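Heads up, the thing below is written out as structure tokens.
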Amino acid sequence: MQLARAGSSRTFAAIAVLTIALAACAPRAVKGQSQVVDGLKFDYGLVAEPAAGAPPASHPDASMHGGPPAQPNSYHVVLSVADAKTGQKIDASNVAMGLSGPGHPGTNIAPMEAMMVNGQASYGHYVVLPEPGSYEFEFRVTPSGKHQPVKARFILDRPA
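Numbers -23 to -1, 1 to 137, taken from mature numbering (1 follows the signal peptide of the UniProt record, and there is no 0), label the letters of the sequence shown in order.
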């Protein structure tokens, strides 16, 4: 009986150490709108939909990212990714974002669409931040030719 307990204690300890080690490897969420992870510079911004205005039906933005949500507190998230040393925009094969916070239990991952902002390659997606509070955005960028995404996490405090 003692032998079984000792084995389960070692297993528990090994799992605890592994969990701590993996948590230390994950990027830490930061406040602000810019972060460098693994040589990539992530810059993001939010545009409140009432400020951006609904685009006319003939405009490409009307259908981009599934179109703007018809809900209050809707925002357009825009992400730019560049080489941190050269500033050259990164050609990514896959860009996605996760969002957690009030009204968003867990982290739902959604693809971001390529778009041009002021002549620069960027990525976008619409979100709803239903109430004031702390939200966490996680951007996942898989550069062309790579298999694993580079992840950057940001914290946004939406005021009332």
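Note that beta-carbon positions come from the ideal geometry of N, C-alpha and C, so glycine has one too. As the structure is a computational prediction, the values presented were derived from the model and not from experiment.
Euclidean distance between Cα positions of residue i and residue j
| i | j | result |
| --- | --- | --- |
| P45 | S51 | 8 Å |
| G78 | P126 | 22 Å |
| V104 | G80 | 11 Å |
| residue 140 | S70 | Outside the displayed span of the chain (-23 to 137) sits residue 140, for which this structure offers no information. |
| K66 | G110 | 32 Å |
| F114 | G83 | 11 Å |
| E26 | V55 | 12 Å |
| K18 | G122 | 18 Å |
| V58 | P49 | 28 Å |
| H53 | R5 | 23 Å |
| E108 | A98 | 31 Å |
| M74 | G96 | 22 Å |
| L23 | Y112 | 13 Å |
| K128 | A87 | 14 Å |
| residue 138 | K62 | The question about residue 138 has no answer, for the chain in this structure spans -23 to 137. |
| P120 | L76 | 21 Å |
| G16 | A91 | 21 Å |
Buried/exposed call for residue i, threshold 16 Cβ in 10 Å
| i | result |
| --- | --- |
| H124 | exposed |
| P136 | exposed |
| R130 | buried |
| Q12 | buried |
| G64 | exposed |
| R117 | buried |
| V72 | buried |
| D60 | exposed |
Range of the contiguous beta strand (DSSP E) that encloses residue i
| i | result |
| --- | --- |
| P82 | 81 to 88 |
| P120 | 110 to 120 |
| I132 | 127 to 135 |
| Q97 | 97 to 105 |
| K18 | 17 to 25 |
| N71 | 69 to 78 |
| E59 | As written in the sequence, residue 59 is Ala, which differs from the Glu given in the question. Looking at the DSSP string, the run of the beta strand (DSSP E) that includes A59 is 51 to 60. |
| Q12 | 11 to 14 |
Heavy atom of the ligand NAD within 7 Å of residue i beta-carbon
| i | result |
| --- | --- |
| F131 | For the ligand NAD, the structure offers nothing, since it holds no ligand at all. |
Expected contact under 8 Å - CB spacing of residue i and residue j to nearest Å
| i | j | result |
| --- | --- | --- |
| M89 | G101 | 6 Å |
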